[in-house]
Amino acid sequence: TRDLLQVQFNLREGAQVQLMVTDLTGRQIELRQFTGVAGPQTTEIQAGQWSPGFYFLHLLTDDGQRVSKKFVVTR
1466 TRDLLQVQFN
1476 LREGAQVQLM
1486 VTDLTGRQIE
1496 LRQFTGVAGP
1506 QTTEIQAGQW
1516 SPGFYFLHLL
1526 TDDGQRVSKK
1536 FVVTR
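In our numbering, the protein residues as written are 1466 to 1540.
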């Protein structure tokens, strides 16, 4: 549905994963921590209660992978 943020990424090997969503001021909106296996990963985050605007998705793993992506929520 429109209220879901679908996150897809690939892990080189099994790792502890931290997905964090922040607003433009750096305030944490969502935090997910889980163990991922090697290969493609997909997770969904409920975003229906978030205000319209720009956000950052930060992906961190314990094996050193770090990715940040900017995205926008519209209504």
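Idealized CB from N, CA, C, for every residue including glycine.
Checklist entry - Which of helix, strand or coil does DSSP assign to residue 1468? => result Within the sequence shown, numbered from 1, the residue matching residue 1468 stands at position 3. Coil at residue 1468, not helix or strand.
Checklist entry - Helix or strand or just coil, what does DSSP make of residue 1529? => result As a working note, residue 1529 is residue 64 in the sequence shown. Here residue 1529 sits in coil by DSSP.
Checklist entry - Who are the near neighbours of residue 1486 in its chain, counting only those whose CB is closer than 6 angstroms to its CB and skipping five residues on each side? => result As a position in the sequence shown, residue 1486 is number 21, starting the count at 1. Here the set comprises 1494, 1495, 1520 and 1522.
Item to check | DSSP state of residue 1512 mapped onto helix, strand, coil | outcome: Counting from 1 along the sequence shown, the entry for residue 1512 is found at position 47. Coil, per DSSP.
Checklist entry - So what does DSSP say about residue 1492, is it helix, strand or coil? => result For the purposes of this step, residue 1492 is taken as residue 27 along the sequence shown, with counting starting at 1. It is coil, neither helix nor strand.
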